[in-house]
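Participant:
Shown next as structure tokens:
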């Protein structure tokens, strides 16, 4: 991870956003989901996520939002 900026989880209180991903290296926020709006964010490269399904969950979420 090499990010110049990161969200502090404590700054999300009352915003409607929640942390969905944390870095295993330093526990910084890597993903957010807004509970009231149809938006989410990740701060990594989802196309390189190493698991049996690859990045299917991420892109399925994108397609659900835009469809």
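Numbering (my numbering), first residue to last: 214 to 280. Quick reminder that beta carbons are idealized off the backbone N, C-alpha and C, glycines included.
Whose CA, out of 253, 249, 272 and 239, lies closest to the CA of residue 194?
Facilitator: No answer is possible for residue 194: it lies beyond the span of the chain, which begins at 214 and ends at 280.
Participant: How far does the alpha helix (DSSP H) with residue 230 in it extend, from its first residue to its last?
Facilitator: Here residue 230 belongs to no alpha helix (DSSP H); instead the beta strand (DSSP E) covers 230-235.
Participant: Helix, strand or coil for residue 275 per DSSP?
Facilitator: DSSP places residue 275 in helix when its eight states are reduced to three.
Participant: So is residue 242 buried or exposed if we call it buried at 16+ other beta carbons inside 10 Å?
Facilitator: Classification of residue 242: buried, given that the 10 Å Cβ count is 16 or more.
Participant: Assign residue 234 to buried or exposed, taking buried as 16 or more other Cβ atoms, counted over all protein chains shown, within 10 Å of its Cβ.
Facilitator: With 16 or more other Cβ atoms within 10 Å, it is buried.
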